[in-house]
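Below is one structure, written out as structure tokens; the observations come after it.
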Ligand code: TYD
Ligand code: MG
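Residue numbers (the numbering used here): 992 to 1477.
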């Protein structure tokens, strides 16, 4: 079959490609610059350079790359990567400016358990600045580590490639993709196509030479399109650095930074890495026990419930906070960025339907202590209890941890790994645990006996009995009476 030639319209000024002709380039705004050119992918350009005929190979003979992972030397990063840095992998680290991307890269350079040389390429900072940072991080004290790190301060791809071929590093750290440029990039420096072209060339070099690559890219509030998103398809792993809301008065905890995988060809995307930024750079937080709880003496205020949720392989306890106030507009609204607002609406609808608790005329505010984003369904029952408590003004017992999924029918569904959640609550000294009544406790009960002192396990099959169990039998009737007397 004859292959059809594909044409695109390419801007002679910035290199942007469009499927159809336009009078004005949408990227650089120049008029009459789009010309018809034969489309060729970056891949075919490489093939042409290699001159070799493409060969297939039997799947059975392919190297399974077992044992090709090396530890990054940073436990929390290894956790997110799925057990270490994979040889021949390209890892993109995205995040807002100031979140700690450059710091993380330098710490990886210092700690990585690789044997060969490490090349740190910075187009953002001077060698002097890097040295200052290394001193601050305490890397400089370790001579053997310092000696294997080579620094190159440029964004010029041709220079970088020359150095790569000379140094032959096993680990390459590039800060940042946005500073890369090349004479062959085809458009103005700093543009998206330059960044994509240069990143692609670096990734290809690295795959051919069995190295691993870390690449940073900043996200800007306005220019999401021009940031890391445009590189996601090229790399094996995409990590995003996020920060909790330090200014939030509700989350009275330390400055935490979360490293989440948005894409991972070599591991799960459920795991998160938790760091704090201190005087000596980023330090991993392995003991997350009390990180998302608020220290208090005595009673809980209304609107607060403690949830046991799963984050990848670990269980964390999180304080969920809710506030309800009469809606200001004709439409009630949900303000919740740590728990999906669709989920908050669904849980409040279930409360309204099955308990007769009026929430549809209220504005709902929901937050999670420590600024962690919660996506796990096991937090729904605690969310329901927090909303109920906020609306009624009745506080939950301070020693209670809650886990369960709430269905639209008001039933409480079983959750995964209940025993682990109970154990975490026990370890942190909570004395009661409210969970689903449906099976799945088989393992839970065994663990309960092992942990000393174990929390009292209480179960509820639906939201009505859960509320009765927590707030006492007449709390529902009281609500009904209040409603009718208003
Ligand atoms: P940086 O890694 O430069 O962020 P990015 O590369 O993502 O823009 O780090 C930014 C912030 O971290 C900066 O405001 C200074 C702070 N910081 C510390 O608090 N402690 C440290 O040891 C270091 C190196 C930086
Ligand atoms: Mg930086």
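For glycine and all other residues, C-beta sits at the position ideal for the given N, C-alpha and C.
_I need the straight-line Cα distance from residue 1292 to residue 1361, nearest angstrom please._
17 Å
*Since residue 1414 is in the alpha helix (DSSP H), which residue starts that stretch and which ends it?*
1409 to 1418
*asked:* Within a Cβ cutoff of 6 Å, which residues of the same chain sit near residue 1370, ignoring the five residues on either side of it in sequence?
replied: 1298, 1300
_Buried versus exposed, by CB contacts within 10 Å (16 or more), residue 1126_ = exposed
*In chain order, each beta strand (DSSP E) run of at least 3 residues that lies wholly inside the segment 1353 to 1410*: 1353 to 1359, 1391 to 1393
*Would the beta-carbon of residue 1428 fall within 8 Å of that of residue 1452?*
yes
*Count the other C-beta atoms from every protein chain shown that fall within 10 angstroms of the C-beta of residue 1224, then say buried if there are 16 or more, exposed otherwise.*
exposed
*For ligand 2, list every residue whose C-beta falls under 6 Å from any of its heavy atoms, going in chain order.*
1092, 1093, 1115, 1166
_C-alpha distance - residue 1406 paired with residue 1271, whole-angstrom precision_ = 39 Å
*Are the beta-carbon atoms belonging to residue 1070 and residue 1269 less than 8 Å from one another?*
no
_Continuous beta strand (DSSP E) stretch holding residue 1316: start and end_ = 1305 to 1317
*Could you name the residues of the same chain whose beta carbon sits closer than 6 Å to that of residue 1424, not counting the 5 residues immediately before and after it, in chain order?*
1392, 1413, 1416, 1446, 1448
_Three or more C-beta pairs under 8 Å: does that hold for the segment 1189 to 1198 against the segment 1087 to 1095?_
no
_Rounded distance between the beta-carbons of residue 1097 and residue 1124, thought under 8 Å_ = 6 Å
*Whole angstroms is fine: what's the gap from residue 1344's alpha carbon to residue 1365's?*
24 Å
*asked:* If distances are taken between C-alpha atoms only, which option among 1382, 1350, 1339, 1335 comes closest to residue 1359?
replied: 1335
*DSSP bridge partner residues for residue 1268 (one or two, in chain order)*: 1273
_Identified DSSP bridge partners for residue 1022_ = 1015
*Would you kindly work out how many angstroms separate the C-alpha atoms of residue 1277 and residue 1068, rounded to a whole number?*
11 Å
*What residue from 1303, 1248, 1275, 1383 has the CA that sits closest to residue 1315's CA?*
1383
*Nearest to residue 1226 by CA position, among 1456, 998, 1080, 1340, is which residue?*
1080
*Residue from 1208, 1422, 1346 whose Cα sits closest to the Cα of residue 1459*: 1346
_Close-in-space but distant-in-sequence residues of the same chain around residue 1387 (CB under 7 Å, 5 per side omitted)_ = 1291, 1295, 1296, 1376, 1380, 1461
*asked:* On the DSSP letters alone, give me the boundaries of the alpha helix (DSSP H) that residue 1124 sits inside.
replied: 1118 to 1128
*So what's residue 1224 in DSSP terms, helix, strand or just coil?*
coil
*Under 8 Å, do residue 999 and residue 1028 count as touching if we go by C-beta distance?*
yes
*Assuming residue 1355 and residue 1385 make a contact with CB atoms under 8 Å, what is their CB distance in whole Å?*
Not a contact, Cβ separation roughly 17 Å.
*Given that a residue counts as buried once 16 or more other Cβ atoms are within 10 Å of its Cβ, and exposed if not, what is residue 1302?*
buried
*Could you name the residues that DSSP lists as bridge partners for residue 1478?*
No information on residue 1478 is available, as it lies outside the stretch 992 to 1477 that the chain covers here.
*Hey, could you find the ends of the alpha helix (DSSP H) residue 1194 is sitting in?*
1183 to 1199
*Since I believe residue 1108 is in contact with residue 1158 (beta carbons under 8 Å), could you give me their beta-carbon distance rounded to a whole number of angstroms?*
6 Å
*asked:* With distance defined between alpha-carbon atoms, name the residue in 1103, 1273, 1289 nearest to residue 1135.
replied: 1103
_Please report the distance separating the alpha-carbon of residue 1177 from that of residue 1005._
7 Å
_For residue 1221 and residue 1003, the rounded distance between their alpha carbons_ = 21 Å
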